[in-house]
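A.B. asks:
Number of protein chains: 4
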Amino acid sequence: MAGQRKLRMGMVGGGPGAFIGPVHRIAAELDGKIELVAGAFSQSPEKSRAAGEMYKLDPARAYPDYKAMIEGEKKREDAIDFVAIVTPNHLHMPVAVAALEAGIPVMSDKPATATYAEAVELEKAVKKSGLPYGLTHTYAGYSLVREMRDMCASGKLGKIRKIAVEYLQGWLSNPIEDSGQKQATWRSDPAQSGAGGCIGDIGTHAFHLSEYVTGLNVTAVNASLLSVVPGRKLDDDCTALLRMDNGAQNVMMTSQIAAGEGNDMRLRVYGEKGSLEWHQEDPNLLSVKWLDGPEEIRHASGGYLSEASRAVTRLPGGHPEGYLEAFAVLYREFADALNSSQDRRAVKLPDTLPGIEAGVRGMRFIDRAVESSKKQSWVDF
Amino acid sequence: MAGQRKLRMGMVGGGPGAFIGPVHRIAAELDGKIELVAGAFSQSPEKSRAAGEMYKLDPARAYPDYKAMIEGEKKREDAIDFVAIVTPNHLHMPVAVAALEAGIPVMSDKPATATYAEAVELEKAVKKSGLPYGLTHTYAGYSLVREMRDMCASGKLGKIRKIAVEYLQGWLSNPIEDSGQKQATWRSDPAQSGAGGCIGDIGTHAFHLSEYVTGLNVTAVNASLLSVVPGRKLDDDCTALLRMDNGAQNVMMTSQIAAGEGNDMRLRVYGEKGSLEWHQEDPNLLSVKWLDGPEEIRHASGGYLSEASRAVTRLPGGHPEGYLEAFAVLYREFADALNSSQDRRAVKLPDTLPGIEAGVRGMRFIDRAVESSKKQSWVDF
Amino acid sequence: MAGQRKLRMGMVGGGPGAFIGPVHRIAAELDGKIELVAGAFSQSPEKSRAAGEMYKLDPARAYPDYKAMIEGEKKREDAIDFVAIVTPNHLHMPVAVAALEAGIPVMSDKPATATYAEAVELEKAVKKSGLPYGLTHTYAGYSLVREMRDMCASGKLGKIRKIAVEYLQGWLSNPIEDSGQKQATWRSDPAQSGAGGCIGDIGTHAFHLSEYVTGLNVTAVNASLLSVVPGRKLDDDCTALLRMDNGAQNVMMTSQIAAGEGNDMRLRVYGEKGSLEWHQEDPNLLSVKWLDGPEEIRHASGGYLSEASRAVTRLPGGHPEGYLEAFAVLYREFADALNSSQDRRAVKLPDTLPGIEAGVRGMRFIDRAVESSKKQSWVDF
Amino acid sequence: MAGQRKLRMGMVGGGPGAFIGPVHRIAAELDGKIELVAGAFSQSPEKSRAAGEMYKLDPARAYPDYKAMIEGEKKREDAIDFVAIVTPNHLHMPVAVAALEAGIPVMSDKPATATYAEAVELEKAVKKSGLPYGLTHTYAGYSLVREMRDMCASGKLGKIRKIAVEYLQGWLSNPIEDSGQKQATWRSDPAQSGAGGCIGDIGTHAFHLSEYVTGLNVTAVNASLLSVVPGRKLDDDCTALLRMDNGAQNVMMTSQIAAGEGNDMRLRVYGEKGSLEWHQEDPNLLSVKWLDGPEEIRHASGGYLSEASRAVTRLPGGHPEGYLEAFAVLYREFADALNSSQDRRAVKLPDTLPGIEAGVRGMRFIDRAVESSKKQSWVDF
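Chains as they are written, first to last, in our numbering: chain B, 12 to 392; chain Y, 12 to 392; chain R, 12 to 392; chain V, 12 to 392.
#1: With burial defined as no fewer than 16 other Cβ atoms inside 10 Å of the residue's Cβ, what is the status of Asn-257(R): buried or exposed?
#2: For the stretch 300-314 of chain R, enumerate the residues whose C-beta is nearer than 7 Å to any C-beta of chain Y, in chain order.
#3: Quick one, are the C-beta atoms of Leu-335(R) and Val-34(R) less than 8 Å apart?
#4: Taking 8 Å as the CB-CB limit, is Ile-37(R) close to chain C?
#5: If Tyr-178(R) sits next to Thr-265(R), beta carbons under 8 Å apart, how far is it from one beta carbon to the other, in whole angstroms?
#6: Decide yes or no for the touch test of the stretch 304-315 of chain B against the stretch 307-314 of chain V: beta carbon pairs closer than 8 Å, at least 3 of them.
#7: Per DSSP, which residues does Ser-480(B) bridge with? Please list them.
#8: Going by other Cβ atoms of all chains shown within 10 Å of its Cβ, with 16 needed for buried, is Pro-70(B) buried or exposed?
#9: For Phe-72(Y) and Met-65(Y), I'd like the C-alpha separation in whole angstroms.
#10: Quick check on Gln-180(Y): does DSSP put it in helix, strand or coil?
#11: Indicate the three-state DSSP secondary structure (helix, strand or coil) for Tyr-281(R) in the structure shown.
#12: Would you grab the beta carbon distance between Asp-247(Y) and Ile-268(Y) for me? Rounded to a whole angstrom, and I think it's under 8 Å.
#13: Determine which residues share a DSSP beta bridge with Cys-249(V) and list them.
#14: Which value, in whole angstroms, describes the spacing of the CA atoms of Arg-243(B) and Pro-186(B)?
#15: Under 8 Å, do Val-371(Y) and Asn-261(Y) count as touching if we go by C-beta distance?
#16: Counting only the same chain and skipping the five closest in sequence on each side, list residues whose C-beta sits under 6 Å from that of Ser-383(B).
#17: Only counting the same chain, and skipping five residues up and downstream in sequence, which positions put a Cβ closer than 8 Å to that of Ala-109(V)?
#18: Check each residue of the stretch 252-270 of chain V: if its Cβ is closer than 8 Å to any Cβ of chain R, include it; give the result in chain order.
#19: Quick test of your reading: Leu-18(V) and Ala-346(V), contact by CB under 8 Å. State the CB separation rounded to the nearest angstrom.
#20: Would you say Lys-17(R) faces chain B, with C-beta separation under 8 Å as the test?
#21: Near Ser-55(B), which residues of its chain fall below 8 Å by C-beta distance, leaving aside the five closest residues on each side in sequence?
#22: For the beta strand (DSSP E) containing Ile-45(V), name the first residue and the last one.
#23: Are Pro-143(V) and Ala-270(V) closer than 8 Å when you measure CB to CB?
#24: Per DSSP, which one or two residues make a beta bridge with Ile-171(B)?
#25: Helix, strand or coil for Arg-309(B) per DSSP?
#26: Can Val-97(V) and Ile-115(V) be called in contact, C-beta distance under 8 Å?
#27: Identify the contact partners of Tyr-334(B) in chain R, using a Cβ-Cβ distance below 8 Å as the criterion.
#28: Does the separation of the CB atoms of Ala-206(R) and Val-381(R) fall below 8 Å?
#29: Would you call Met-12(V) buried or exposed, if buried means 16 or more other Cβ atoms sit within 10 Å of its Cβ?
#30: Alpha carbons only, please: which of Gly-181(Y), Glu-222(Y) and Pro-99(Y) is nearest the one belonging to Pro-122(Y)?
#31: State the start and end residues of the unbroken alpha helix (DSSP H) segment that holds Lys-386(B).
#32: Going by other Cβ atoms of all chains shown within 10 Å of its Cβ, with 16 needed for buried, is Ala-39(V) buried or exposed?
#33: Examine chain V for any beta-carbon lying closer than 8 Å to the beta-carbon of Tyr-397(Y), and answer yes or no.
#34: Any idea what DSSP makes of Arg-87(R), helix, strand or coil?
#35: Could you spell out the range, first to last residue, of the alpha helix (DSSP H) harbouring Trp-197(B)?
#36: According to the neighbour-count rule (16 or more other Cβ atoms, all chains shown, within 10 Å of its Cβ), is Asp-378(V) buried or exposed?
Below is the structure:
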């Protein structure tokens, strides 16, 4: 029975040159509850085999494609317990649907799909299957993101009045997709990436984080998508005003041509009584400012933090945790849920772990932002 | 002859309870080139007299109103050399015009006037008079703002692609104007403040700073002005997308209901090759990030800074200068210009010192932003 | 053959309530080259068994004590490839010696032993065995610590003139050892911890880091060891002046009664031309200050960093790595070395990985500092 | 009567090329209570005259030397109310004594004198005169230094257990005194500077700050004074362990060869319950860390700060004040005290303003540290 052993993960995507594949492997295994045992790592069978060797897998379980993996694993006693999807966006949906139809739970990289229509379809497939589906919005796994979420839910800030979320990168400042940089190439290609460039790659993270933390939903969008680098096919800079369902305004600024920035994601939330500020590049500190009183810096693992925040740290205060640890929190929550019942269809994922609903909202956001940007006006969400 | 003595300043406004009056006094006198000798500090003659005592002036020169000051000073051998205007906004124009008509140069607090129409009128008065008119956009006086301006002009960042300017305060999070807080009361009253609340008070600073540093001009505005606190008559939160004349987008976020913020003005400028980031609350550091190379932190007074930047610091590196010193730079430049010629009409203010043109643009900005916000769409500047 | 499979690790120590055991497990497995397969996790056989379950091990390999583990593994085809020692200090030496005598390589937590005499003995055992012995001075695994080391070796700073190393914690501000807190209890007990309290626990880290980064060796010590909390048996605060072999002075300040501090380790190195500053709590940034030029902030994973630094990061810039990742670097280097030859005695550990020499120096440091503090004067190293 | 007019200041020192003269002028005049009216600015009468012009003084009051100033002013109706001494150290005592003997109060730059013997003598002169004597330990004027002082006095931190004070500069990293840099030349010359180099110039500041803030007195010293730059006559690096009268240890590190540092003064104070950390280069923030609770960042001018702290800020939160403003606080306190009575001998300076006692302690500190460093051992204070 699972729980007494590690859960077995099969990965689709993540072959040579991939950034996010090894990240998923490390994150999944970090807490000692999951092991990578199989994969279809590339659309090239040779590359998939090579990746299997790199991961030190049984060669028989480095499959030439995802269908072969699903077929192959079905026949094994020690079959995979779930699939992790880490391909370019356009494959997220078909792989997820195939896994779910084969009765296999899914952890998928974001965005959930390449288009909003696909997301709606995938949602149906998830519901029909009754199986767990998790979406790795990494930043939801940070301890202090959980603290912010708890602060907002608790009402300690009063009514939320204003949100400012940013996600700034500079790595697409030059047209590096033209010279074949793998990460840039697929992200800049509508056929692999979908309708959104910057907005799909990082805008969805910013959108998700702001809803996840505040518990508020976007109801209207006024977006400006730009392709700043000449010749680029998709947007590389996206700014949007978002109206939240309690009337608050959310100012979202994302860019991949912000020269000099690394992975500068920041969230600020302003309530009636105080505010929160968090930076992903310095994730172990959270600034809480009050109208009447000193600014507080909450440090990850502090004994004064909420249960929700402390539940997801592994180290005492002052020992920095980072991106991989946040990622691993999502896998840990997924594993704990899978281990909670022998019947996969009875598994309930915790609401701290983003799922298909967040996935659909993210794709809806891209869709609405693209339309708003074309119309140069507000559109309903 | 001026130059061998300190210039004599007469102040209008700045009586008891004022914030900005004493600031102007300190700033004007800081570099030892100007002394406050006269004033019409309040619309109440008693309060004006009390202020004169506080400033240790000759009682005869604490006038009951600005007209009396202009009249009274005209008759003196040691008459004032210029007027500093530090009243609520609606008096900026009439006082400035009266001074100019009496042949007296003007240093005015911002915004230049209460409305765009007044600004156009004032511009005419300035041009007609041929006299120096300076506008105290304080932040233009910071050494590292000058460094940023030099960096942009030099082309070292390549083409400017994106600007993000913020100015966040929290002090109007509650309706303190209802309980008579002096600063809040006039700022929240359209009759004294003009058409803009937050946008007039601090939005104009943000707008100015972004144009001042980059050398670019706004050509179109898409603004969202909100009155977040119930019952407030003017906007207390203003976000805008601005199109610059080289095509770059400028994301401007200003608020006075950002609970917990003090005076958090920040500017980021992204060029093709690198970017700049500066925070007013930590003004002696400038971050310069490059696409290829480490981030640089330039420290005020560093020997490696531009001439333009080093010209306006007074202390060696590591000795922090702040708001008053920046303010004083503008007065020093005004004084040096006045001292450059015995003929006031021959005086040319340096282009580092904001003047009537910046004043008119600022008022135009308020006007355009209010219209854009009403229409919920882009408007030309 | 190793290399085609993961290396098998047996752990001694790290049972229920331990902090550092799970850290070693995560660190060892993080890069996919090692797996924990066996252990003697506690001096209580029941607790060892429970830990084995927690780690999801084959119950047969959760041994009652380290001797049983060495014996038991000897008989297996799939025997462990090395031992990780994570016990309180007084067991480091006996376990290491037993493993080495059984022909098994060792990775040990620091300090190497409980006393200097033991360290000398252990060094003999290591040399006699000819086997690899690594010491987990965690901080040596940080990417930017490697960058500092490279900077010092390159001569870019000129001659090193001054070092300041700090390690401040506050968790022993109260006598928590009296109420049975496990971490505090053994660390405060000379029988388990050795002659040094704060100096052994964190002083050795600070000492090691300063030698590791600068490539200089301490030649004389003037230390002040204090037991600040009444009743504490060992030092909880240790300050020392250290003379380095090139004449530079090293100011070392460590404390465990620095109320409010978490794990605040900082290193500053001053050369003739510039200086370095790094904080463990913010490990992805390195400040490099020059006599003539702006301060540089080097960000982990920057393309401009040295080979040595870039070799040990896993993520692109802006994706924070932390304590576990640094720890994992040491295990990765150990694994790569073991995989480099089928003959364990032919394995050469890289000089980036601390070994027995560093271990002996660390124990010597404790010994000399204790003597200096008693004498209240300088002593030779 | 004073109080209805500005107090009149005569300055000794501060001529062309001086750093600290103009600083004193700005600081003295900043709050509108003092004006510079006379001076003996240089040992060269021509230079003194030139400085008088620069300061726009009546040429008759730019005296050739301090004796002439004292004589000259005595005869005037509008004589100076006090003398500000801003010369190199060796002149502090003779000028102060001459002024006091002439019945004139004194504000002196630090250190009080060139030697401890002189300090004792000066103390006698001050007491004999019964006149106010202030010492410009600038950093005592910062608002958040006052907050720290209040925190320590209040007992909120519990018993103070540990202090760490640093003052690091890099400007003497090269032997610039050999090429005639004015500031370096006199500071490196024992005849002008006294027995201490770095320790006299900045060590006295660090020493003073730590006593001033904590209210504790040093009782023993173990110092290490180094002349790191070859050929330098005085120390350029000074580290000391200091024992405070409550048993706490104070670790003091100062240097002028810390390449890349500007004016990096930092103070940390650790009590039983929490700690304080303040950096002079970022003076508007104070970190307060608690054993149980989040770190607090107190911002200058915060409504939650102590009376003592708020009394010395001029601007609302978020408007940075710096070095000149801190300096001006001392002058303001001196002026307010002078204005408190028409009888100068009845004037009582507030204990927030450093005076002759602090001056004697500072000189004693240099004396004891030099002896300790020679002996390489602890000496009583």
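Even glycine gets a Cβ: it sits at the ideal position worked out from N, Cα and C.
C.D. replies: Straight from the coordinates:
#1: Counted from its first residue, the third sequence places residue 257(R) at position 246. Exposed, since its Cβ has fewer than 16 Cβ neighbours within 10 Å.
#2: Asp-303, Gly-304, Pro-305, Glu-306, Glu-307, Ile-308, Arg-309, His-310, Gly-313 and Gly-314
#3: The residue labelled residue 335(R) in the question sits at position 324 within the third sequence. The residue labelled residue 34(R) in the question sits at position 23 within the third sequence. The answer is yes: Cβ separation under 8 Å.
#4: Although the question refers to chain C, the structure presented lacks it and instead comprises the protein chains B, Y, R and V.
#5: In the third sequence, the residue the question calls residue 178(R) occupies position 167. In the third sequence, the residue the question calls residue 265(R) occupies position 254. That belief holds up - the Cβ atoms of Tyr-178(R) and Thr-265(R) are roughly 4 Å apart, short of 8 Å.
#6: yes
#7: Nothing can be reported for residue 480(B), as the shown portion of chain B is limited to 12 through 392.
#8: Mapped onto the first sequence, residue 70(B) falls at position 59. With fewer than 16 other Cβ atoms within 10 Å, it is exposed.
#9: Residue mapping note: residue 72(Y) aligns to position 61 of the second sequence, counting from 1. Residue mapping note: residue 65(Y) aligns to position 54 of the second sequence, counting from 1. The residue you asked about is not Phe; residue 72(Y) is Arg in the sequence shown. Their backbone Cα atoms lie some 13 Å apart in a straight line.
#10: Your numbering for residue 180(Y) matches position 169 in the second sequence. Three-state DSSP puts Gln-180(Y) in coil, outside helix and strand.
#11: Taking the third sequence and counting its residues from 1, one reaches residue 281(R) at position 270. Strand at Tyr-281(R).
#12: Here residue 247(Y) refers to the residue found at position 236 when the second sequence is read from its first residue. Here residue 268(Y) refers to the residue found at position 257 when the second sequence is read from its first residue. About 5 Å separates the two Cβ atoms, so the contact holds.
#13: Here residue 249(V) refers to the residue found at position 238 when the fourth sequence is read from its first residue. BP columns for Cys-249(V) point to Leu-236(V) and Thr-265(V).
#14: Working through the first sequence from its first residue, we reach residue 243(B) at position 232. Working through the first sequence from its first residue, we reach residue 186(B) at position 175. Their Cα atoms are separated by approximately 7 Å.
#15: Stepping through the second sequence from its first residue, residue 371(Y) is reached at position 360. Stepping through the second sequence from its first residue, residue 261(Y) is reached at position 250. Not a contact, by the Cβ cut-off of 8 Å.
#16: Translated into positions along the first sequence, residue 383(B) becomes position 372. Once the five neighbours on either side are set aside, the close Cβ partners of Ser-383(B) are Val-232, Asn-233, Ala-234 and Val-390.
#17: To locate residue 109(V), count along the fourth sequence from 1; it is residue 98. Excluding sequence neighbours, Ala-109(V) sits near Tyr-77, Lys-78 and Ile-81.
#18: Leu-252, Gln-260, Val-262, Met-264, Ser-266, Ile-268, Ala-269 and Ala-270
#19: Locating residue 18(V) in the fourth sequence gives position 7, where the first residue counts as 1. Locating residue 346(V) in the fourth sequence gives position 335, where the first residue counts as 1. So it is a contact: roughly 5 Å between Cβ atoms.
#20: Position 6 of the third sequence holds residue 17(R). Chain B contact via Cβ: present.
#21: Here residue 55(B) refers to the residue found at position 44 of the first sequence. Gly-26, listed in sequence order.
#22: To locate residue 45(V), count along the fourth sequence from 1; it is residue 34. Taken as a continuous stretch (DSSP letters only), the beta strand (DSSP E) holding Ile-45(V) covers 45-51.
#23: Taking the first residue of the fourth sequence as 1, we reach residue 143(V) at position 132. Taking the first residue of the fourth sequence as 1, we reach residue 270(V) at position 259. No. Outside cutoff.
#24: On the first sequence, position 160 is the one that residue 171(B) refers to. Per DSSP, Gly-282(B).
#25: Counted from its first residue, the first sequence places residue 309(B) at position 298. Reduced to three states, the DSSP call for Arg-309(B) is strand.
#26: As a working note, residue 97(V) is residue 86 in the fourth sequence. As a working note, residue 115(V) is residue 104 in the fourth sequence. No, Cβ-Cβ distance for Val-97(V) and Ile-115(V) is not below 8 Å.
#27: Start at 1 with the first residue of the first sequence, and residue 334(B) comes out as number 323. In chain order: Leu-326, His-330, Pro-331 and Glu-332.
#28: Start at 1 with the first residue of the third sequence, and residue 206(R) comes out as number 195. Start at 1 with the first residue of the third sequence, and residue 381(R) comes out as number 370. Yes, these two residues count as a Cβ contact at 8 Å.
#29: The count along the fourth sequence starts at 1 and reaches residue 12(V) at position 1. With a pLDDT of 45 at Met-12(V), under the threshold of 50, the modelled position of that residue is not reliable, and the figure given next carries that caveat. Met-12(V) is exposed by the Cβ-count criterion.
#30: In the second sequence, counting from the first residue as 1, residue 122(Y) sits at position 111. Nearest C-alpha to Pro-122(Y): Pro-99(Y).
#31: Here residue 386(B) corresponds to residue number 375 of the first sequence, with the count starting at 1. Start and end: 367-386.
#32: Start at 1 with the first residue of the fourth sequence, and residue 39(V) comes out as number 28. Looking at its Cβ environment, which holds 16 or more other Cβ atoms inside 10 Å, Ala-39(V) is buried.
#33: Missing from the structure shown is residue 397(Y); chain Y here goes from 12 to 392 and no further.
#34: Walking along the third sequence from the start, residue 87(R) turns up at place 76. DSSP places Arg-87(R) in coil when its eight states are reduced to three.
#35: If you number the first sequence from 1, residue 197(B) lands on position 186. Note, Trp-197(B): alpha helix (DSSP H), 193-198.
#36: Mapped onto the fourth sequence, residue 378(V) falls at position 367. It is buried - the Cβ of Asp-378(V) has at least 16 other Cβ atoms within 10 Å.
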